[in-house]
Amino acid sequence: MFPERVLSGMRPTGLLHLGHYHGVLKNWVKLQNEFPCLFFVADWHALTTHYETPEVIKENVWDMVIDWLAAGVDPEKATLFVQSKVPEHAELHLLLSMNTPLSWLERVPTYKDQQEKLSDKDLATYGFLGYPLLQSADILIYRATQVPVGEDQVPHIELTREIARRFNHFYSKEKLLDAKGVEIGRKPILLEPKALLTEASKMPGLDGMKMSKSYQNTLALRETPENISQKVRKMPTDPARVRRTDPGDPAKCPVWQLHEVYSDASTKQWVQEGCKSAGIGCIQCKEPIIQAVTDELTPMRERAAMYTDNPTLVRKIISEGCERARAMANDTMQDVRKHMGLDYS
70 MFPERVLSGM
80 RPTGLLHLGH
90 YHGVLKNWVK
100 LQNEFPCLFF
110 VADWHALTTH
120 YETPEVIKEN
130 VWDMVIDWLA
140 AGVDPEKATL
150 FVQSKVPEHA
160 ELHLLLSMNT
170 PLSWLERVPT
180 YKDQQEKLSD
190 KDLATYGFLG
200 YPLLQSADIL
210 IYRATQVPVG
220 EDQVPHIELT
230 REIARRFNHF
240 YSKEKLLDAK
250 GVEIGRKPIL
260 LEPKALLTEA
270 SKMPGLDGMK
280 MSKSYQNTLA
290 LRETPENISQ
300 KVRKMPTDPA
310 RVRRTDPGDP
320 AKCPVWQLHE
330 VYSDASTKQW
340 VQEGCKSAGI
350 GCIQCKEPII
360 QAVTDELTPM
370 RERAAMYTDN
380 PTLVRKIISE
390 GCERARAMAN
400 DTMQDVRKHM
410 GLDYS
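Numbered per my numbering, the sequence shown spans residues 70 to 414.
So this is what it looks like as structure tokens:
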């Protein structure tokens, strides 16, 4: 009934790092070769937590798009756009808010979790409470069939399905008939999307915790070789290795977690044996990581420079993407307005 369509977005709240690349962007590059995809800059979503510092969002919008392109996201294969440039998102969000029970938003697990994590911010706002509903509108406006998410985001997709189901129950009047002419339901106006489960990023930060700008433990996608070397060399290691001759345990070392991501079997064996016997020092152990990260990021940094030097091209890509996105969104909104009785003139 509706064509296959994948939708995903990112909030422009900081520089993209290796966690974003391994957790999201590599998957986007894969998906764009398998499905029609829409990838968007979720600037309105960023305002729900950064409403006092909108300059942060403005600074990061174009840098984030450049990082997407540098990572291999192809505007010839996927539609790239900025959320706020497609006002139909806001219109559908408003209309869905008329019939979405408040309790549905309050029960979303990440609502209270984020309030606790971001306790330094005043998040007792309508916008933050309505964040999941705006997220649902983002998905439903394009009638996306699949949304790539980690397990922690599945409740958001389930909420979106419930919202679509409720909307269709209230407003869909057209009968669906089987081959024998027997009614089997109503034709949906809004499509219930499916969660496309993606593996959580295993990219550790420079301190062994999850890589996150909040922890200041990241390697940015445009990091220079000098910065990569400096940051990795400063990484903490097994506390037991006070002296070069002290043996260590890779399981207690954040550097080993990076070897799990980047190193082949022979290098891992070399690290295991060398660390436990004190046959290699910590700096030696870090050298293959420095090289692997440098090799991974150098092509991205070079591609990013090409787009940074040509901002007109980047804006053209987004302008064309916004135009395509608006055409799709407008098709949905025409149906929504008609079924809600808002198509009078």
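Just so you know, even glycine gets a beta-carbon here, dropped at the ideal spot from N, CA and C.
Under three-state DSSP, which class holds residue i?
i, result
"residue 252", "strand"
"residue 326", "helix"
"residue 305", "coil"
"residue 311", "coil"
"residue 263", "strand"
"residue 188", "coil"
"residue 72", "coil"
"residue 164", "helix"
"residue 414", "coil"
"residue 277", "coil"
"residue 197", "helix"
"residue 78", "strand"
"residue 271", "coil"
"residue 84", "coil"
Return the residue from the list the options that minimises the CA-CA distance to residue i.
i, options, result
"residue 217", "107, 72, 118", "107"
"residue 215", "105, 175, 110, 323", "105"
"residue 327", "362, 71, 299", "362"
"residue 70", "212, 411, 359, 239", "212"
"residue 268", "116, 85, 78, 94", "94"
"residue 189", "137, 139, 222, 118", "118"
"residue 163", "193, 289, 210, 125", "210"
"residue 135", "378, 341, 199", "378"
"residue 133", "359, 398, 78, 280", "78"
"residue 238", "199, 165, 297", "165"
"residue 295", "283, 264, 314, 360", "360"
"residue 358", "297, 320, 142, 140", "297"
"residue 221", "183, 196, 231, 197", "183"
"residue 367", "347, 351, 288", "288"
In or out: residue i buried (at least 16 other Cβ within 10 Å) or exposed?
i, result
"residue 403", "exposed"
"residue 381", "exposed"
"residue 101", "buried"
"residue 248", "exposed"
"residue 253", "exposed"
"residue 278", "exposed"
"residue 266", "exposed"
"residue 157", "buried"
"residue 152", "buried"
"residue 283", "exposed"
"residue 127", "exposed"
"residue 90", "buried"
"residue 314", "exposed"
"residue 375", "exposed"
Mind checking which residues open and close the beta strand (DSSP E) that includes residue i?
i, result
"residue 201", "Taken as a continuous stretch (DSSP letters only), residue 201 belongs to no beta strand (DSSP E), being part of the alpha helix (DSSP H) at 200 to 209."
"residue 150", "147 to 151"
"residue 215", "215 to 218"
May I have the straight-line CA-CA distance separating residue i from residue j, to the nearest angstrom?
i, j, result
"residue 208", "residue 262", "8 Å"
"residue 131", "residue 229", "29 Å"
"residue 225", "residue 202", "9 Å"
"residue 400", "residue 303", "53 Å"
"residue 349", "residue 335", "15 Å"
"residue 245", "residue 259", "15 Å"
"residue 150", "residue 76", "11 Å"
"residue 353", "residue 271", "23 Å"
"residue 503", "residue 236", "With the chain running from 70 to 414 in the structure shown, residue 503 is simply not present."
"residue 154", "residue 396", "12 Å"
"residue 370", "residue 292", "7 Å"
"residue 80", "residue 111", "5 Å"
"residue 411", "residue 405", "8 Å"
"residue 176", "residue 387", "35 Å"
"residue 309", "residue 219", "35 Å"
"residue 122", "residue 194", "15 Å"
"residue 317", "residue 286", "23 Å"
"residue 159", "residue 199", "12 Å"
Following the continuous alpha helix (DSSP H) through residue i, name the residue where it begins and the one where it ends.
i, result
"residue 362", "351 to 377"
"residue 420", "Coverage of the chain is limited to positions 70 through 414, which leaves residue 420 absent and any answer about it impossible."
"residue 343", "334 to 346"
"residue 99", "95 to 100"
"residue 403", "380 to 409"
"residue 223", "223 to 240"
"residue 134", "123 to 140"
"residue 172", "171 to 175"
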